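Participant: Residue numbers (our numbering): 31 to 173.
Here a beta-carbon is modelled for each residue, glycine too, at the ideal position from N, C-alpha and C.
For clarity, every value in this text was computed on a predicted model and none was experimentally measured.
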Ligand code: RTP
Ligand code: MG
């Protein structure tokens, strides 16, 4: 299996619940390395650009409103099979359907405010990592 990178966003609801560390801890326990990270408050334009693939969906307006409602933590995670592993740790989009022990099952209640985002394919990950980080902001582990 290949070492991959994926983009994580800890969404405004989870930041408000003060569980950034608990979510980071899930990544670390799964042997995903945090190789970049920052907190920021997304502008409407930045959030719309990030979710451009959902532009025509009925929930798009609410999604952008939520994602700009407070600070988020964006991170790059690195590890074997990182994209799929991270999605597994997150659980289903709808927390009510998320498997026990997943981040969404434990820290989210509704599909609209579901605690975390994770890239859904290596191609999306490449686009999303570049959307938030310069190469110089990513720090691969040397030990
Ligand atoms: P994300 O992109 O945030 O990691 O979530 P995801 O891949 O699991 O889900 P996606 O289909 O990409 O949808 C992005 C976000 O839009 C909201 N959503 N609402 N009401 C609905 O039917 C609906 N479907 C999606 C969710 O907040 C989802 O995380
Ligand atoms: Mg998605």
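Can you tell me whether DSSP reads residue 69 as helix, strand or coil?
Facilitator: Here residue 69 sits in strand by DSSP.
Participant: Would you mind listing the alpha helix (DSSP H) stretches within the stretch 73-116 that are 4+ residues and don't spill past its ends, in chain order?
Facilitator: List check, alpha helix (DSSP H) in window: 74-80, 90-97.
Participant: Can the beta-carbon of residue 15 be found closer than 9 Å to that of residue 100?
Facilitator: With the chain covering only 31 through 173, there is no way to say anything about residue 15.
Participant: Cutting at 8 Å between CB atoms, please list the residues of its own chain near residue 115, excluding the five before and the five after it.
Facilitator: Contacts found: 60, 62, 109.
Participant: Within a Cβ cutoff of 8 Å, which residues of the same chain sit near residue 118, ignoring the five residues on either side of it in sequence?
Facilitator: The residues are 132.
Participant: If you compare alpha carbons, which of 153, 111, 162 is closest to residue 39?
Facilitator: The shortest C-alpha separation from residue 39 is found at 162.
Participant: Can you check the stretch 116-153 for any beta strand (DSSP E) of at least 3 residues that lies completely inside it and give the ranges in chain order?
Facilitator: You should have 146-148.
Participant: Spatial neighbours of residue 77 within its chain, please: CB distance less than 7 Å, with the 5 preceding and 5 following residues excluded, ordered by chain position.
Facilitator: Within the same chain, residue 77 has close Cβ partners 94, 97, 98.
Participant: Less than 9 Å between the C-beta atoms of residue 150 and residue 113, yes or no?
Facilitator: The answer is yes: Cβ separation under 9 Å.
Participant: I need the DSSP call for residue 173, collapsed to helix, strand or coil.
Facilitator: Here residue 173 sits in coil by DSSP.
Participant: Strictly by DSSP, which residues pair up with residue 40?
Facilitator: According to DSSP, which records beta bridges pairwise, residue 40 is partnered with 103, 146.
Participant: Just to confirm, is the Cβ distance from residue 29 to residue 64 under 9 Å?
Facilitator: The displayed coordinates of the chain run from 31 to 173. Any statement about residue 29 would go beyond what the structure contains.
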